[in-house]
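Enquirer:
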Amino acid sequence: MKTATFFRSLIGMILSISMMSCEDVVDIDLDPGQSQLAVDALVMVNDGPQTIRLTMTNAYFDNGTKAAGAKGALVKMISSTGQELIFAEDTANPGNYVFPDTVRGTTGELFGLLIEYKGQKYQSGSMLVRGTKVDSLYQEERKAEFGNEAGTYLYLKANDSSGVGDFCWVRYSLNGVRDLQPGRILVAADAAFNPGAADGLEFIYPVRNSINGNKPYLKDDKIDVELVSIDAENFRFLTEMQVQINNTGLFAEPAANVRSNIFNADKNSKVQAVGCFGIAKVSRASVTIQ
Numbered sequence: 002m003k004t005a006t007f008f009r010s011l012i013g014m015i016l017s018i019s020m021m022s023c024e025d026v027v028d029i030d031l032d033p034g035q036s037q038l039a040v041d042a043l044v045m046v047n048d049g050p051q052t053i054r055l056t057m058t059n060a061y062f063d064n065g066t067k068a069a070g071a072k073g074a075l076v077k078m079i080s081s082t083g084q085e086l087i088f089a090e091d092t093a094n095p096g097n098y099v100f101p102d103t104v105r106g107t108t109g110e111l112f113g114l115l116i117e118y119k120g121q122k123y124q125s126g127s128m129l130v131r132g133t134k135v136d137s138l139y140q141e142e143r144k145a146e147f148g149n150e151a152g153t154y155l156y157l158k159a160n161d162s163s164g165v166g167d168f169c170w171v172r173y174s175l176n177g178v179r180d181l182q183p184g185r186i187l188v189a190a191d192a193a194f195n196p197g198a199a200d201g202l203e204f205i206y207p208v209r210n211s212i213n214g215n216k217p218y219l220k221d222d223k224i225d226v227e228l229v230s231i232d233a234e235n236f237r238f239l240t241e242m243q244v245q246i247n248n249t250g251l252f253a254e255p256a257a258n259v260r261s262n263i264f265n266a267d268k269n270s271k272v273q274a275v276g277c278f279g280i281a282k283v284s285r286a287s288v289t290i291q
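Residue numbers for the sequence shown follow this note's numbering, so the first one is 2 and each next one is one higher.
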């Protein structure tokens, strides 16, 4: 019995020493890799001036440097109805390219993005989808449960149209500040999370509840909600981004680049871009907590 106790103690000591040794910091020189053009180009139709953001990527482990704006690019969009939209560089905000008017579009219209930067030509395309509209926002009092405090919470009420293939990005702002937490990206497909799973129905509870955190809203809080109707490529891009952002913990898989829909016009070029282009519709609703 004493022998068994001794061995258990010895094993415990060995495991403790092993765990301590795992905490040693090892500095390794890594190749930072080639900086790439990053394109943030989700363009809303019928929604006033629009901005396309171009930056250069940083090294993978560089968390302290803000991505530099890509200056000197030529950016334009063309549509299947003959529109040609020039996005002019905002010299006061390097990397921002602005179309000062409203981008007009109708369901089914095709839009192409063309970018020229440092001798390279990049292109992409997107089709304007039918939109999903916010029906209403309503508040309710909830008891404390599942780690959430008691108080006032909101429901987002919206209905998916019949026909598989409607995709939305749910975004919200609290008192004028948009929630940009990486882990809070929420996209919906046909009122649920997978195409066809809830076609033609009211949004399922996790989507309706997505505009809430663990704490209740306070009196006079103003909440602005956006339903951004996107195409399948943008849904795929945001879903993959969500997976990579939450790819942590003991069972995390090796990190992988999120696939882009921005391509170099020269198929033989090794210079590629990252990011995503999409043409979208947006429906908004606001409420002030009473």
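From the three backbone atoms N, C-alpha and C, an ideal C-beta is built for every residue, glycine too. Since the model is a prediction, treat every value here as computed from it, not as a measurement.
What does the Cβ neighbour count give for P217, buried or exposed, with the cut at 16 atoms within 10 Å?
Expert: For this step, residue 217 is matched to residue 216 along the sequence shown. Buried, because 16 or more other Cβ atoms sit within 10 Å of the Cβ of P217.
Enquirer: Looking only at its chain, what residues have a beta carbon closer than 6 Å to the beta carbon of R143, apart from the 5 residues adjacent to it on each side?
Expert: The count along the sequence shown starts at 1 and reaches residue 143 at position 142. Only Y154 meet the Cβ criterion.
Enquirer: Per DSSP, what kind of secondary structure is T240 in: helix, strand or coil?
Expert: Taking the first residue of the sequence shown as position 1, residue 240 is located at position 239. Helix at T240.
Enquirer: Can you tell me whether A253 is buried or exposed, with buried defined as 16 or more other CB within 10 angstroms of its CB?
Expert: For the purposes of this step, residue 253 is identified with residue 252 of the sequence shown, where counting begins at 1. Its Cβ having fewer than 16 others within 10 Å, A253 is exposed.
Enquirer: Once DSSP output is grouped into helix, strand and coil, what is the label at Q84?
Expert: As a first step, residue 84 is located in the sequence shown; it is residue number 83 there, counting from the start. Reduced to three states, the DSSP call for Q84 is coil.
Enquirer: Does the pairing of the region 108-115 with the region 177-189 give three or more beta-carbon distances under 8 Å?
Expert: At 8 Å Cβ cutoff, the stretches do not touch.
Enquirer: For N195, count neighbouring Cβ atoms within 10 angstroms of its own Cβ and tell me buried if that reaches 16, exposed if not.
Expert: Translated into positions along the sequence shown, residue 195 becomes position 194. Exposed, since its Cβ has fewer than 16 Cβ neighbours within 10 Å.
Enquirer: Inspect the CB distances between the region 156-163 and the region 200-217 and report whether three or more fall short of 8 Å.
Expert: The answer is yes - the region 200-217 touches the region 156-163, with three or more Cβ pairs under 8 Å.
Enquirer: Rounded to a whole number of angstroms, what is the C-alpha to C-alpha distance between M78 and T92?
Expert: On the sequence shown, position 77 is the one that residue 78 refers to. On the sequence shown, position 91 is the one that residue 92 refers to. Rounded to the nearest angstrom, the two C-alpha atoms are 20 Å apart.
Enquirer: So what's A233 in DSSP terms, helix, strand or just coil?
Expert: The count along the sequence shown starts at 1 and reaches residue 233 at position 232. Helix, per DSSP.
Enquirer: Quick one: what's got a C-beta closer than 8 Å to N258's C-beta in the same chain, skipping five residues either side?
Expert: For this step, residue 258 is matched to residue 257 along the sequence shown. For N258, where only same-chain residues beyond five positions count, the Cβ hits under 8 Å are V275.
Enquirer: Quick check on the DSSP output: what are the complete beta strand (DSSP E) runs of length 3 or more inside the region 146-177, in order along the chain?
Expert: DSSP runs (the beta strand (DSSP E)) wholly in the region 146-177: 152-159, 168-175.
Enquirer: Within a Cβ cutoff of 7 Å, which residues of the same chain sit near G49, ignoring the five residues on either side of it in sequence?
Expert: In the sequence shown, the residue the question calls residue 49 occupies position 48. Excluding sequence neighbours, G49 sits near T103.
Enquirer: If you follow the beta strand (DSSP E) that Y139 is in, where does it begin and where does it stop?
Expert: As a first step, residue 139 must be located in the sequence shown, where it is residue number 138. Its beta strand (DSSP E) spans residues 135-143.
Enquirer: V288 by DSSP, collapsed to three states: which one?
Expert: Start at 1 with the first residue of the sequence shown, and residue 288 comes out as number 287. V288 falls in the strand class under three-state DSSP.
Enquirer: Between which residues of its own chain and G132 is the CB-CB distance below 7 Å, once the five residues before and five after are set aside?
Expert: As a first step, residue 132 must be located in the sequence shown, where it is residue number 131. So the qualifying residues of the chain are S230, K282, S284.
Enquirer: Excluding the 5 residues flanking G70 on each side, which residues of the same chain have their C-beta closer than 6 Å to its C-beta?
Expert: To locate residue 70, count along the sequence shown from 1; it is residue 69. Around G70: T56, P95, G96.
Enquirer: May I ask you to report which of helix, strand or coil DSSP gives Q121?
Expert: Against the sequence shown, residue 121 aligns to sequence position 120. Three-state result, Q121: strand.
Enquirer: With DSSP as the reference, label V208 as helix, strand or coil.
Expert: Your numbering for residue 208 matches position 207 in the sequence shown. Correct three-state label for V208: helix.
Enquirer: Residues in its own chain within less than 7 Å of G197 by CB, not counting five upstream and five downstream?
Expert: Looking up residue 197 in the sequence shown gives position 196. Within the same chain, G197 has close Cβ partners V165, D191.
Enquirer: From the DSSP output, in three-state form, read off I186 for me.
Expert: For the purposes of this step, residue 186 is identified with residue 185 of the sequence shown, where counting begins at 1. Reduced to three states, the DSSP call for I186 is coil.
Enquirer: Considering just the uninterrupted stretch of the beta strand (DSSP E) at I263, what are its terminal residues?
Expert: In the sequence shown, the residue the question calls residue 263 occupies position 262. Careful: I263 lies outside any beta strand (DSSP E) and carries neither H nor E.
Enquirer: How would you call I87, buried or exposed, if buried means at least 16 neighbouring beta carbons within 10 angstroms?
Expert: Start at 1 with the first residue of the sequence shown, and residue 87 comes out as number 86. Exposed, because fewer than 16 other Cβ atoms sit within 10 Å of the Cβ of I87.
Enquirer: Just curious, the beta strand (DSSP E) that R54 is in, first and last residue?
Expert: By one-based count along the sequence shown, residue 54 stands at place 53. That run of the beta strand (DSSP E) goes 51-57.
Enquirer: Taking the straight line between their C-alpha atoms, what separation do you get for V288 and R179?
Expert: In the sequence shown, the residue the question calls residue 288 occupies position 287. In the sequence shown, the residue the question calls residue 179 occupies position 178. Going by the C-alpha atoms only, they are around 15 Å apart.
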